[in-house]
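Since the structure comes first, as structure tokens, the remarks are kept for the end.
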Amino acid sequence: MPTLLAASAVVSPPRRPFDDSPATLSYYRDLVGPFGLDVDEALLREAPHVRHQDLVELLAGADGIRDFEPDLVVVAHALPDVTPFTAVAPHLDHLLGGGSVNFGIHQQGLAAPFTALRAVSAFQRGRRSERAVLAVLEQTTLPTRFPLVHDHGLVDSGVVLALGTDGGPRLTGVETVAAARGPARRLRELTAADPAGTLLVAGARVDRAALDEAATAVFHADPDTYCTGVWLALARNWHTWRADHSTVVLCDTEPRTGDTHIAVLRAAAGPAAGEEGR
């Protein structure tokens, strides 16, 4: 199972100028026109135009990441790139030395990074990876208004996690709780083994009542993020959490489906919490 060895995070990097060339605007019109939408040029002009490429270039230079030399690179995102259909995983692979298996996971909403962890675990079980990098990216420049982005003040952000096979907190489970069930019961089960030693890291859209029932310490991710929220919190705080908690439960709820996605990290000597693949 993957272990966390290093992490980097970036939030609200410098803006880029708007490319107002006729070709770019034509591309956007062709992209959204089949869905009965129009390009909002005013929205585009005010947007930050931070690309996924910009995010990974900032993230890849961090301590513990730039010299990691992964054999597997996975890029996960819930929102499209400024210019969709660009291949960012090979670019991140190039920045980190080249030669890795690399691919992207998208069109799953905020489930994408949780799916990516399942993929990394599968590569490890098949002895096809020992050093993996997972990038979780979020950019907010869109050619049309999208309430999830524009009504919640989302900011550009990204995370890179360096994952190995030993040392550091270990991933012990990744699972999805269907909206019809709700997350309360499962969160209670995951925190019951050691409520004093467990930290629950919750995304902005997790039901607060479910968190209250878990009866453990709760860390709330930044509300101006979508798929990066709990991963930003992990990247920024994992060293402190490792010293203070035996188990960290990351959970976030996809607003469009109501499904809750959960990942469990635990210290080598911590109590069991969660099982892979649920």
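All residue numbers for the sequence shown refer to UniProt numbering, where the first residue is 1 and numbers rise by one.
Built from N, CA and C at the ideal position, the CB exists for glycine as well.
Note that the coordinates shown come from a computational prediction; the quantities given were computed from them, not determined experimentally.
Contacting residues, own chain, Cβ-Cβ under 8 Å from residue i (five flanking each side not counted)
i, result
"Leu72", "Ser100, Val101, Asn102, Val120, Phe123, Arg128, Ser129, Arg131, Ala132 and Val133"
"Ala221", "Val201, Ala202, Gly203, Ala204, Gly229, Val230, Leu232, Ala233 and Asp252"
"Thr144", "Val32, Leu37, Asp38, Val39, Asp40 and Leu43"
7 Å Cβ shell around residue i - same chain, five flanking residues per side excluded
i, result
"Ala179", "Thr257, Gly258 and Asp259"
Sequence-distant residues of its chain with Cβ nearer than 6 Å to residue i (five each side left out)
i, result
"Leu137", "His52, Leu55, His77 and Gly158"
"Glu41", "none"
"Val75", "Val88, Ala89, Gly104 and Ala135"
Nearest to residue i (by Cα), restricted to the options the options
i, options, result
"Cys251", "Ala210, Asp244 and Ala62", "Ala210"
"His106", "Gly126, Ala87 and His220", "Ala87"
"Leu44", "Val82, Thr247, Gly97 and Val218", "Val82"
"Pro80", "Thr140, Leu234 and Ile65", "Thr140"
"Leu200", "Trp238, Pro255, Gly164 and Asp224", "Trp238"
"His49", "Gly197, Gly167, Arg16 and Asp63", "Arg16"
"Thr24", "Val39, Pro34 and Gly168", "Val39"
"Leu190", "Pro147, Val160 and Ser246", "Ser246"
In DSSP terms, what residue i is bridged to
i, result
"His150", "Note: His150 sits in no beta bridge, so no partner."
"Ser8", "Val160"
"Leu134", "Val74 and Leu161"
"Thr3", "Gly164 and Arg170"
Residue i - containing alpha helix (DSSP H), residue span
i, result
"Val32", "Pro22 to Val32"
Bounding residues of the beta strand (DSSP E) (the contiguous stretch that carries residue i)
i, result
"Thr260", "Thr260 to Arg266"
"Asp38", "Asp38 -> no beta strand (DSSP E), and no H or E assigned at all."
"Thr140", "Taken as a continuous stretch (DSSP letters only), Thr140 belongs to no beta strand (DSSP E), as it is neither H nor E."
"Val248", "Thr247 to Thr253"
| task | For the segment 167 to 245, list the beta strand (DSSP E) runs that are entirely contained and at least 3 residues long, ordered along the chain. | result | 170 to 177, 198 to 202 and 217 to 220
Quiz prompt | Whole runs of the alpha helix (DSSP H) within the segment 40 to 115, excluding any shorter than 4 residues | solution = 41 to 46, 52 to 60 and 89 to 95
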